[in-house]
């Protein structure tokens, strides 16, 4: 309660969350331990960490797709107890419905809650245009490239007007040129929509370029190691990647992650 | 010659369409030529290998007296009845079995046992339980296809990506809508492929089905022709079954591409 200033502004609060499970074979695993962080309203918050640190599990906890062993997650002061349309999510894997056209994919959430067809179409077309895919409304996902599919997935999540947008390495499977373009597009859309975003990545450049704040995660069990305020001005562009301020932040996060990666690597190899 | 071989025998590499068609045609014609040479040349006894002419003659005779049509109709009716009943049950059950552990626990052990029982070994029981009329033949086809379909469709359902269901939940779907609007549509191409493959298998059970107490049908026709050493009729029966199998397979292929243009082609 001492941090009442921070808490008052918090849109999303993760409080003392731990995740433990017993695999079918082997010893019990502690995937996440004592995770606490908050995401402010309209903030672009990034969690960066080495692979296997449990960052995807953390996002799935926020989405309500899995339940924490300990702790709780609060969105707008309501406790998260399961998945819901107030937390839209974009996955790393391609998750468009193959049997639906681009437009029907974007309309999916709207249709579920009974938005009339005309209104549905207008909303869908607006977001399809926003991600730069006008003219592709009636294409099926199999006719699209990876980058285009992720743009549709983003439009689909946004069209549903979630309170928080969760993004799990959405550009992880894309080539580096497409990834840069997608980052710029996302920044532009975020700036216009002023959504609260919780974004996960293992790419340090990406975390700094996009985030207002970057939470650095440790591995096995996953913990928040430190929080880095990114004081680069907005709007941001990929040109900033080479600026001195950017480099300073990058060195700091890299150092932090590298320590962790070395440690978990040693643990893994030692465990063999 | 060396370069020709180099270009055409690289693993997984395409060859020119002309070369492809030529190869297929040459092999098919060669088989017919060998057949003609062996039979017309008198190298093999007519009891063993009839001439193409004799098989065509048998076909004409069968069409003339209507027996070929009657036998075909009976067999198609049996196959389709057994196959349709099996499919109506296996599709929903298989989808549930692949996605709900509780259904899997209930059905899978039994299914895995039954599907390795040879259908022919069950025939005495089936005669006892079902009788010897057409329903016995339909039951044989049903048992031969149902359990295989169940296992294959459960696999199709199991392979629907978890992320596809999860993204639906984050878009506001509940369990019921996820099953109805995501899980079921996602399985459809795989279900169609399974039905196509198992319909082919259903045709292979036809002769087994008509082994006992049949007096019509292509399987019966073949068995009966054997008793009189009418080899050309055996050939005719086999060819008609092969042809009908091929036609139904092509119909399925056409329907799948027509009904599911969004799916990767099979």
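Residue numbers (the numbering used here), protein chains in the order written: chain A, 259 to 530; chain B, 86 to 351. Yeah, the Cβ is synthetic: ideal placement off N, Cα and C, and Gly gets one too.
| query | result |
| --- | --- |
| Closer than 8 Å to chain A by CB, residue 270 of chain B | yes |
| Beta carbon proximity, residue 259 of chain A to chain B, threshold 8 Å | At residue 259 of chain A the pLDDT is 40, less than 50, meaning the model places this residue with poor confidence; the figure from the coordinates comes in the next sentence. Not closer than 8 Å to any Cβ of chain B, the Cβ of residue 259 of chain A fails to qualify, so no. |
| Rounded C-alpha distance that separates residue 104 of chain B from residue 116 of chain B | 18 Å |
| CB of residue 472 of chain A within 8 Å of CB of residue 348 of chain A, strictly | no |
| Burial state of residue 163 of chain B, where buried means 16 or more other Cβ atoms lie within 10 Å | buried |
| Residue 297 of chain A, enclosing beta strand (DSSP E) - first and last residue | 287 to 298 |
| Span of the alpha helix (DSSP H), counted from its first residue to its last, around residue 426 of chain A | Here residue 426 of chain A belongs to no alpha helix (DSSP H); instead the beta strand (DSSP E) covers 422 to 426. |
| Nearest-angstrom Cα separation, counted from residue 392 of chain A out to residue 97 of chain B | 38 Å |
| Coil, strand or helix - residue 333 of chain B by DSSP | helix |
| Where residue 345 of chain B sits in the DSSP three-state scheme | coil |
| Option in B:119, B:210, B:284 with minimal Cα separation from residue 335 of chain B | B:284 |
| Those residues which DSSP pairs with residue 214 of chain B across a bridge | DSSP output for residue 214 of chain B lists no bridge partner at all. |
| Residue 269 of chain A vs residue 422 of chain A beta-carbon contact at 8 Å | yes |
| Of the residues A:488, A:328, A:418, A:455, the one placed nearest residue 297 of chain A, counting alpha carbons only | A:455 |
| Segment contact flag, the region 261 to 272 of chain B with the region 207 to 226 of chain B, C-beta cutoff 8 Å, min 3 pairs | no |
| Strand pairing of residue 355 of chain A, partner residues [DSSP] | BP columns for residue 355 of chain A are empty, so no partner. |
| Cβ separation of residue 273 of chain A and residue 330 of chain A, assumed to be a contact under 8 Å, to the nearest whole Å | 5 Å |
| Closest by C-alpha distance to residue 133 of chain B, when choosing among B:289, B:314, B:333, B:185 | B:314 |
| Check: residue 338 of chain B C-beta below 7 Å from any heavy atom of the ligand GTP | This structure lacks the ligand GTP, and indeed carries no ligand of any kind. |
| Of the residues A:476, A:353, A:486, the one placed nearest residue 250 of chain B, counting alpha carbons only | A:353 |
| Buried or exposed (CB count within 10 angstroms, at least 16 for buried), residue 485 of chain A | exposed |
| For residue 270 of chain A, the three-state DSSP class (helix, strand or coil) | strand |
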